[in-house]
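The opening position of the sequence shown corresponds to residue 131 in our numbering, with each subsequent residue numbered one higher.
Positions of the beta carbon are idealized from the N, C-alpha and C atoms, including for glycine.
Note sheet for the following structure.
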Amino acid sequence: MMRLILLISVFVLLPIFPVSADNDVDGKALFCQHKDHRPRTKDIGIVFKNGKSRVIFISNYSVSETFWHPYTVWTHKIQFHYFDRSVELNRRSLAFKDVIGWFYCSLNTEAEVIGALQIRISNAKKKNKI
Numbered sequence: 131m132m133r134l135i136l137l138i139s140v141f142v143l144l145p146i147f148p149v150s151a152d153n154d155v156d157g158k159a160l161f162c163q164h165k166d167h168r169p170r171t172k173d174i175g176i177v178f179k180n181g182k183s184r185v186i187f188i189s190n191y192s193v194s195e196t197f198w199h200p201y202t203v204w205t206h207k208i209q210f211h212y213f214d215r216s217v218e219l220n221r222r223s224l225a226f227k228d229v230i231g232w233f234y235c236s237l238n239t240e241a242e243v244i245g246a247l248q249i250r251i252s253n254a255k256k257k258n259k260i
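Below is the structure:
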């Protein structure tokens with residue numbers, strides 16, 4: 131009877147506990163676009179490295195980045211620090227919600243993310259007349 135109770139509690143509590151950060155997420159990067167696809171000023175990158183994450187974004191015609199913050203990996207989500215708040219990325223859809231709406235992400239390398247943001251900057255500069 132005790133084994134049955136122990137077995138049931140393991141299966142009930144298992145999804146509650148996070149997976150350690152040294153897993154398949156480490157070393158990956160995401161390129162994320164805002165749902166409304168207006169001018170790509172809201173496009174960002176997220177880099178996961180050594181148990182920490184940072185956001186890469188466009189600021190004043192240059193690529194900037196936030197400080198590194200720890201992230202937590204769960205079986206179905208990744209909780210990470212997005213500017214001044216904590217958000218949850220759905221691991222299946224690669225989407226997360228912020229105050230301005232939904233971001234949808236794709237798996238990339240850090241270099242590819244920075245390159246995509248640089249292209250956004252170049253395109254924005256070409257449209258300026260002064």
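Asked	Found
Taking only three categories from DSSP, how would you classify residue 245?	helix
Residue range of the beta strand (DSSP E) that residue 215 falls in?	215–220
Which residue marks the beginning of the beta strand (DSSP E) containing residue 224, and which one marks its end?	Segment: none, residue 224 is in no beta strand (DSSP E) and carries neither H nor E.
If you measure between the beta carbons of residue 210 and residue 183, is that distance less than 7 Å?	yes
Could you pull the DSSP bridge partners for residue 86 from this structure?	The question about residue 86 has no answer here: the residues shown for the chain are numbered 131 through 260.
Do residue 226 and residue 219 come within 7 Å of each other at the CB atom, strictly closer than that value?	yes
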